[in-house]
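Asks:
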């Protein structure tokens, strides 16, 4: 696998990512118009103008969101089209995480009674789902209809969702469907990645990192809420840092504080341990973001050591997603006049 040409393009994109000084400037701006004006003279300019033309009469935040999504989608498509033919399975695996994100977001939105427009606004066209497909899926208000249309389109995620639909209809626990999707995609790619080269090994490591992160998030969800299922049903195998017995034992703690201490003691990986030591349980929603950021940093370190490997692409993937999230946060901070000191706490 020769990633030379693609990695050169990725490095050029990486060089245009915003830095801390840029974020400080963005936070100092006192209006949404000023912030979007700055984005228009950046690499996001083309996508913002295209979004504005297609959304005439819509609000600035809606246009900004559309432009940011289009930018990410366009770059992911270019990564796919420029990837060596013998590496397509690896690249597809990385991009497929967006498929799972989109489906989980839609399912959560239906369960939570969120409006179709709100659901659609936070979906990202990538992987198996282009923008029209996501628009159509976000309008549906029944999980069964989601599965039927996926099946009609020949999307493989319909199979595991169809299998767990009776359980969901009985207990209405969305986490069952989320973990079913995780199990399907992780198992599918781990079985598919049968080569022993460095790039395949890196993608396998990425999958195992994400399995560990999912298991940790599940433990916090399980302790915080009630479930009709035994904890063991929620365990994702093939991770690196928590065995099945570790998972069950940790799930027996009484509260989040005890669970966090137990995780810090149990996990030997120094980077994961340090990340957990920094977790603020007053903002539990940040835990998932912190783990994602840590996984990304790990591959950025690998990209320095192995500059011709797929680690360069994985590093950029995580940094690009982080930037999109930060820009969306900054845009909303301008719209709602949130003080910069408060915004800075949540920048990734």
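Residue numbers (the working numbering): 105 to 452.
Every residue, glycine too, gets a C-beta built ideally from N, C-alpha and C.
Does the Cβ of residue 247 have 16 or more other Cβ atoms within 10 Å, making it buried, or fewer, making it exposed?
Replies: Taking the first residue of the chain shown as position 1, residue 247 is located at position 143. With 16 or more Cβ atoms within 10 Å of its Cβ, residue 247 is classed as buried.
Asks: Could you please give me the residues that DSSP links to residue 387 through a beta bridge?
Replies: What you label residue 387 is simply residue 283 of the chain shown in a count that begins at 1. None, per the DSSP bridge assignment.
Asks: Provide the residue span of the alpha helix (DSSP H) that contains residue 243, from first to last.
Replies: Numbered from 1 along the chain shown, position 139 holds the residue referred to as residue 243. Unbroken alpha helix (DSSP H) run through residue 243: 235-243.
Asks: Taking the C-alpha atoms as reference points, what is the distance between residue 136 and residue 142?
Replies: What you label residue 136 is simply residue 32 of the chain shown in a count that begins at 1. What you label residue 142 is simply residue 38 of the chain shown in a count that begins at 1. Each residue's alpha carbon lies about 10 Å from the other.
Asks: What are the start and end residues of the alpha helix (DSSP H) that includes residue 306?
Replies: Against the chain shown, residue 306 aligns to sequence position 202. Its alpha helix (DSSP H) spans residues 302-328.
Asks: Let me know if residue 387 comes out buried or exposed under the rule of 16 or more other beta-carbons within 10 Å of its beta-carbon.
Replies: Translated into the one-based positions of the chain shown, residue 387 becomes position 283. It counts as exposed.
Asks: For the putative contact between residue 237 and residue 177, defined by C-beta atoms under 8 Å, what is the C-beta separation to the nearest angstrom?
Replies: Locating residue 237 in the chain shown gives position 133, where the first residue counts as 1. Locating residue 177 in the chain shown gives position 73, where the first residue counts as 1. Their Cβ separation, rounded to whole angstroms, is 12 Å, which puts residue 237 and residue 177 out of contact at 8 Å.
Asks: Exposed or buried, what is residue 435 when buried is set at 16 or more other beta-carbons lying within 10 Å of its beta-carbon?
Replies: Here residue 435 refers to the residue found at position 331 when the chain shown is read from its first residue. Residue 435 should be labelled buried.
Asks: When the Cα of residue 257 is compared with those of 167, 415, 234, 422, which residue comes out closest?
Replies: Within the chain shown, the letter at position 153 stands for residue 257. Comparing Cα-Cα distances from residue 257 to each of 167, 415, 234, 422, the minimum goes to 234.
Asks: So is residue 438 buried or exposed if we call it buried at 16+ other beta carbons inside 10 Å?
Replies: Residue 438 sits at position 334 when you count from the first residue of the chain shown. Buried.
Asks: In the DSSP assignment, find the alpha helix (DSSP H) that holds residue 498 and state where it starts and stops.
Replies: Summary: the structure shown does not reach residue 498, with the chain confined to residues 105 through 452, and so no result is reported for it.
Asks: State the CB to CB distance for the pair residue 364 and residue 385, rounded to an integer number of angstroms; the pair is presumed to be in contact (CB under 8 Å).
Replies: Taking the first residue of the chain shown as 1, we reach residue 364 at position 260. Taking the first residue of the chain shown as 1, we reach residue 385 at position 281. 7 Å between Cβ atoms; contact.
Asks: Of the residues 210, 254, 304, 273, which one's Cα is nearest the Cα of residue 105?
Replies: Taking the first residue of the chain shown as position 1, residue 105 is located at position 1. Out of 210, 254, 304, 273, 304 has the C-alpha closest to the C-alpha of residue 105.
Asks: Are there 16 or more other CB atoms within 10 angstroms of the CB of residue 116, so buried, or fewer, so exposed?
Replies: Taking the chain shown and counting its residues from 1, the one referred to as residue 116 is at position 12. Result: exposed.
Asks: For the alpha helix (DSSP H) holding residue 112, just list the boundary residues, first then last.
Replies: Numbered from 1 along the chain shown, position 8 holds the residue referred to as residue 112. 108-119 is the extent of the alpha helix (DSSP H) around residue 112.
Asks: Specify, as a first and last residue, the run of the alpha helix (DSSP H) that residue 420 falls within.
Replies: Mapped onto the chain shown, residue 420 falls at position 316. Taken as a continuous stretch (DSSP letters only), the alpha helix (DSSP H) holding residue 420 covers 415-439.
Asks: Nearest-angstrom Cα distance between residue 349 and residue 119?
Replies: Mapped onto the chain shown, residue 349 falls at position 245. Mapped onto the chain shown, residue 119 falls at position 15. Cα to Cα, the separation comes out at about 44 Å.
Asks: Please report the residue range of the alpha helix (DSSP H) in which residue 379 lies.
Replies: Counting from one through the chain shown, the residue named residue 379 turns up at place 275. Its alpha helix (DSSP H) spans residues 374-381.
Asks: Just how far apart, CA to CA, sit residue 443 and residue 138?
Replies: As a position in the chain shown, residue 443 is number 339, starting the count at 1. As a position in the chain shown, residue 138 is number 34, starting the count at 1. Straight-line Cα distance between these residues: approximately 16 Å.
Asks: In chain order, what residues of the same chain lie with their CB nearer than 7 Å to the CB of residue 293, ignoring the 5 residues before and after it?
Replies: Within the chain shown, numbered from 1, the residue matching residue 293 stands at position 189. Cβ neighbours of residue 293 beyond the five flanking positions: 197, 311.
Asks: Using the Cα positions of residue 262 and residue 208, report the straight-line distance between them to the nearest angstrom.
Replies: Start at 1 with the first residue of the chain shown, and residue 262 comes out as number 158. Start at 1 with the first residue of the chain shown, and residue 208 comes out as number 104. Taking the straight line joining both Cα atoms gives about 13 Å.
Asks: What alpha helix (DSSP H) runs, 4 residues minimum, are completely inside the region 184-223?
Replies: Taking only runs of at least 4 residues, the alpha helix (DSSP H) segments lying wholly in the region 184-223 are 192-216.
Asks: Return yes when the C-beta of residue 329 is under 8 Å from any heavy atom of the ligand FMN, and no when it is not.
Replies: Ligands in the displayed structure: none, and consequently the ligand FMN is not present.
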